[in-house]
Structures are given as C-alpha cells and as structure tokens.
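Working notes for the structure below.
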Amino acid sequence: MSRITRRDFLTRTAATLAGAGLAGPATLAAGQGATRSRADVIVVGAGLAGLAAAITAADEGASVLVVDKHYRIGGSAMGAGGSFSAAGSRLQREKKIEDSPERHLQDANRIGKGKADPGLLRLYTEQAAPTQEWLESLGIEFDAKGPRLAPEHELYTTARTCDAKGGGPGYIMALGKQLDQRIASGKVTLMAETEARRLVTRGGGVAGVAVADDSGRERVLSGKTVILACGGYGSNAAMVKRYNPSLASALRITSKYATGDGLRMAEAAGAALVNMDLLPPYFAGVENPPGSRRTLMISLISGIVPNFKGDVWVSKLGTRFMNEDSLSPDERERALRTIPDAAVFAIFDDAQLKANKPPLFAFDEHLKAGKTIKRANAMGDLALEIGVPAGQLAKTIDTYNRFVDAGRDPDFGRKDLVRIQVPPFYAIVASGVIFMTMGGVKTNARLQALGAGDTVIPGLYAAGEVQGAAQWMGDGLMSGAGNGAALVFGRQAAKDAVQAVRGGQR
Ligand SMILES: Cc1cc2nc3c(=O)[nH]c(=O)nc-3n(C[C@H](O)[C@H](O)[C@H](O)COP(=O)(O)OP(=O)(O)OC[C@H]3O[C@@H](n4cnc5c(N)ncnc54)[C@H](O)[C@@H]3O)c2cc1C
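Each residue of the sequence shown is one higher than the last, beginning at 35 in the numbering used here.
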C-alpha cells in the first residue's frame, strides 16, 4: 500500500464525504500519527461501534486511543442505510405511537426464533431509545417521516424504524465532528491506516494491542482495556467458505475492511466465537450491469414482487423452492438456505414483460450485457444459458402451468398464478446477499469478551458486528438493528470499560 500523507488523507476524506452528498468539512484525521502509545481505553475500529465507544469513553473521562486500518473513519456505515430501530423514541412519542422495550423484545424474539442472547437483546431494546436521543444531542438528525414499518426486513408489529438523514454516512459525519472535538482537546488520539494485528495478554487478561502502520512497522499500544469494534467477516472469502460453505459464492456487499480480524484476534486471546453457522443472506441481489455506477445489488423485493407478476423462482436444480408471492422477507431468506449456493433464477415470459414494468432497474443494459438477464426462445435453451438441468426446468414450468390452469398451487400455496408460455423466455440471475455477518465474539451484557465456560477475559470488550449480529438478532434479520446495536453496544462497552478502569479492575 502506498504511503498516504495526512494531506492526502484529509483530501480523500473530504472527497469521500462530498461524494456521499454530505456538506461541510470534517477534519476526521486530526491526531493521525500521534505518538501516544498508552491509554485507558484502546478502541480497535472506527465504524459506528468504535466511534460511539471512543466518544463515550472520552466523555467519561478516559484517555482513548482509536486505531483503524482504513485511511478514513466510518467502516460499513459509509455504504449503509441509516435505519435505527428504537422503542419509546422521541419520534414515536411525537406521533403518539405506543411502544415499549418489552414489545420490541417480543418482536425481536419472534423474528429471531428466540435464539438471541437474552441479556444482550434486553440491553439493546432498553437502550436503543436513550442512545437515539444521545445521537440527536450529538447532531444526528432522523427523518421526520419515520418511525416506519420497514418492509425490507420481517415486519415488527409497531412502527419503530427511524432513518438517519444522510443514511449511514449521516451518522459518520456527525460522529466524526464530535470525535474531532475530543481529539482537539487531547482526550482522543486517532491512528488511521493502523492495523491491529494481535492482542497483547498479560496476567491472564488483555493489556494492549500490537499494531502495524501502513509500512508494516509494528509497535505495541498499552491499554488498561481494549474494545474490539472492528466489524464482521463478510469480506473474508476464506472465513465465509469455512463457516458458511453454502454461501461461498453468494454476492457480498460488506465493507472491504470487514475481514474478521477481531474474531481472529479475540479467538487467539482465548475468546469463544458463537453463531458462526448462522448467516441468513438477504433475498436477493443481482450484479450490476457493466459500467453502471449503481450499488452492487438491488433487492428483488423492490422489483419483482410488488410490481411484477408471473415469474417463478427456481434453484440451480431447476425446481421451485417457495411461494414466490410470500410477503415475508424471513420466509424468503430461510428458503435461500435450502437451495444450492443461495442462487435464484427468476423465470418469466415475454407476455409478462410486456404487461408489466420491467422487473429490474436498467433492464435493457442488463439484457445487453448478458450476465444478469438471460433470454432464449425455448425453455431448454434458457436452461442451458443459466446452467440448470433442461429437462427439470421444462418439467417445473409444465407442472406450474398445470397449477395455473387448475387455479391451485399444491406445492407452495401460491395464489397469483399466471402461465409462462410466450417466448422469448427470460431468467434473472440472482443470489442471496451477505451484507453483515451473524457470528462473532461471545460477550456478556457488559460487552466483556467471554472464553471457555463463559469466563470473562479481563480487559477485553467487543461491540458491534464483531460480536456477530445473531447475539442480539437471533436467527433472522431485524430492521435497524445492525446500526442500532453497533451504536448501543459501542456506547455501553465504553461505559463498562471506563468503570472497570476506575475501579482498578479490568
Ligand atoms: C451495504 C450495507 C447496508 C447496510 N444497511 C443497514 C441498514 O440500513 N440498517 C442497519 O441497521 N444496518 C445496516 N447495515 C449493517 C450495519 O451498517 C453494520 O453492521 C454496522 O455499521 C457495523 O458497524 P461496526 O462498527 O460494528 O463495524 P464496521 O462498520 O465494519 O467498522 C469496523 C471498523 O474496523 C476497522 N478494522 C477492521 N479490522 C481492523 C484491524 N485489524 N485494525 C484496525 N481497524 C480495523 C474497519 O476499517 C472499520 O472502520 C448495512 C451494512 C452494509 C454493508
């Protein structure tokens, strides 16, 4: 990696934020390269969890060192939506929406099939609204159109998903300014382009972090406590393959820096990893047409399901696998796990294409590029194009057409039935999408990392996606709780770490 100067860093940061449509300068890099090597709290990672932790720890009176291997702060949030779910929020009160943390917890347990850690889920549901108010006090604004019921994930019973203005980067812009103030007053030192490589252990606990700068030069930072806030492992192909082999070829839109370093370091220091087998991919995404400047994926739920009738979904086996009209995101995500490689082909005919709006953005570009949309005059040729067994695909479509004629789908109970019969035939080539990871470092509800037999590893905390979202979501994707929990737990880890430092324990 080439050496990036502080000037480069500032320029790039400003450019990144400007590119994200955010106004106003944020220094963000002040303090980079400072020589401090000792602190009460070392925070590894400057995404949502790390920023919430660093600001809180500084405000609680601790000296704080933040390291991030990227040249700018923000982590996954720089590419994320801004949703945040909270029960009892100011916005809910203003709109007279009745809600409570208890109700949030019940919803979460329904969505997560009761698999979340009870203590962490309670902490999240109880602290989400106070954390949201804290964020507002730091300058983060939430869209007044919310709170909403968020159809992109399994629905809560109550409208409690709020959206930060400016999406994920909206949080980072405001938190970055707050961090700058604490850097200016000497409470925080930020070391960008500094990679944490391993935890330093002493006397049975964690006492620091060995880091390397962008030239590979290592040094040891001493910390009374260390908060791992360095995200998930979605961009580490080898880890995805090892823990979730059926998703090895699924689309991934995780931050390039979500490489599982925190999981690896914590495990080497004796921490347990949990829920590594859980990884419900989002249903579903397609690759971009070449040259398009759009994000990697667009969900089929915003394309095919509400606006486009008459397609059937088959797997690589050439067979249907669910009721295509299901309104439940969880049912779709669950069905993805039953098919090879989470690969989905949405099949439809020319009559449906002409009768509806195109089922995908940039339909013509995709068709021309020939990768995401395939077309053929015969079903057998379409099968060859998408690599599914031709005989099976023909049989599936014949059977489905017979269900249409009979007005009943005995296989999956689909109600909206339209024949597929007019050539040319089309297939959209889609896949489940990994956007955050669900397995990670086991913690208790004080965010202390736990080892074998749930023993606390003194001095080590973990907050945010590094914990694996299943610890608070259970076995299902829950709206606004990726961002939300990173912020709630980052803040809580800092409070607990500072309390431990004050009490002389770790
Ligand atoms: C495209 C996308 C859309 C999303 N949309 C939503 C949404 O709408 N709502 C929602 O609730 N959630 C959403 N999420 C999930 C949510 O944004 C993330 O789970 C959350 O931002 C994770 O925050 P984090 O601080 O735990 O980790 P990260 O944001 O991943 O931050 C980790 C930081 O640690 C740094 N780091 C990594 N390894 C090291 C190392 N060895 N040394 C030093 N630094 C290191 C990284 O550079 C990074 O800055 C989305 C995620 C993605 C990718």
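The beta-carbon is built from N, C-alpha and C at its ideal position, and this holds for glycine as well.
Only a predicted model underlies this, so the values are computations on that prediction, with no experimental measurement involved.
Which residue's Cα is closest to the Cα of residue i: the options?
| i | options | result |
| --- | --- | --- |
| Thr353 | Ile381, Glu186, Tyr460, Ala519 | Ile381 |
| Ala527 | Arg216, Val500, Gly294, Met512 | Val500 |
| Gly81 | Gly304, Arg127, Leu209, Ser171 | Leu209 |
| Asn411 | Pro457, Val452, Ala424 | Pro457 |
| Lys199 | Glu188, Leu169, Leu189 | Leu169 |
| Thr159 | Glu136, Gly414, Gln166, Pro181 | Glu136 |
| Ala396 | Val422, Asn322, Lys408, Gly414 | Asn322 |
| Asp375 | Thr259, Ala282, Gly84, Tyr190 | Ala282 |
| Ala479 | Arg368, Ala428, Gly473, Tyr495 | Tyr495 |
| Asp432 | Ala403, Gln455, Met112, Leu370 | Gln455 |
| Pro279 | Val348, Glu132, Asp311, Tyr190 | Asp311 |
| Gly109 | Lys449, Gly266, Glu132 | Gly266 |
| Leu224 | Asp415, Leu85, Ala244 | Leu85 |
| Gln23 | Ser134, Lys149, Gly148, Arg144 | Past the edges of the chain, shown from 35 to 540, lies residue 23, and the structure says nothing about it. |
| Pro314 | Val348, Gly242, Tyr277 | Tyr277 |
| Phe459 | Gly122, Thr477, Leu427 | Leu427 |
Please report the straight-line C-alpha distance between residue i and residue j, rounded to a whole angstrom.
| i | j | result |
| --- | --- | --- |
| Ala96 | Arg232 | 23 Å |
| Val77 | Pro363 | 35 Å |
| Ile332 | Thr235 | Unreliable placement is indicated for Ile332, whose pLDDT of 49 sits below 50; no coordinate value is reported for it. |
| Gly116 | Arg436 | 45 Å |
| Asp445 | Phe355 | 9 Å |
| Tyr316 | Val463 | 15 Å |
| Ser36 | Tyr291 | With a pLDDT of 34 at Ser36, under the threshold of 50, the modelled position of that residue is not reliable, and the figure given next carries that caveat. Those two C-alpha atoms are separated by around 17 Å. |
| Asp214 | Gly447 | 56 Å |
| Thr90 | Lys529 | 7 Å |
| Leu139 | Asn517 | 17 Å |
| Ala120 | Gly425 | 50 Å |
| Ile468 | Leu307 | 19 Å |
| Ile407 | Pro392 | 12 Å |
| Lys429 | Ala461 | 16 Å |
| Ala385 | Ser289 | 40 Å |
| Glu365 | His187 | 10 Å |
| Ala558 | Arg453 | Residue coverage of the chain in this structure runs from 35 to 540, which leaves residue 558 outside it and unanswerable. |
| Leu511 | Asp383 | 32 Å |
| Val346 | Phe379 | 8 Å |
| Leu157 | Ala178 | 26 Å |
So, are the CB atoms of residue i and residue j less than 7 Å apart?
| i | j | result |
| --- | --- | --- |
| Gly502 | Gly524 | no |
| Ala87 | Ala263 | yes |
| Asn309 | Gly294 | no |
| Gly146 | Gly508 | yes |
| Val98 | Val222 | yes |
| Gly493 | Val240 | yes |
| Ile491 | Gly344 | no |
| Ala300 | Asp102 | no |
| Lys350 | Ala377 | yes |
| Gly180 | Cys196 | yes |
| Ile107 | Ala531 | no |
| Gly474 | Leu297 | yes |
Over what stretch of residues does the alpha helix (DSSP H) that includes residue i continue unbroken?
| i | result |
| --- | --- |
| Gly109 | Counting along the chain, Gly109 falls outside any alpha helix (DSSP H), and DSSP gives it neither H nor E. |
| Val422 | Per DSSP, Val422 belongs to no alpha helix (DSSP H) and is neither H nor E. |
| Ile217 | 201-218 |
| Arg366 | 363-370 |
| Val532 | 515-536 |
| Ala403 | 397-403 |
Start and end of the beta strand (DSSP E) containing residue i?
| i | result |
| --- | --- |
| Gln482 | 482-484 |
| Ala292 | Run containing Ala292: none; DSSP gives neither H nor E here. |
| Met225 | 222-225 |
| Ser256 | 252-262 |
| Phe317 | 316-319 |
| Ile407 | 407-410 |
| Asp93 | Here Asp93 belongs to no beta strand (DSSP E); instead the alpha helix (DSSP H) covers 82-93. |
Going by DSSP, name the residue or residues bridged to residue i.
| i | result |
| --- | --- |
| Glu229 | Ala246 |
| Leu494 | Val260 |
| Trp347 | Ala380 |
| Ile373 | Ile373 pairs with nothing; no bridge assigned. |
| Thr477 | Ala483 |
| Tyr460 | Phe382, Arg409 |
| Phe176 | Ala198 |
| Arg286 | Ile468 |
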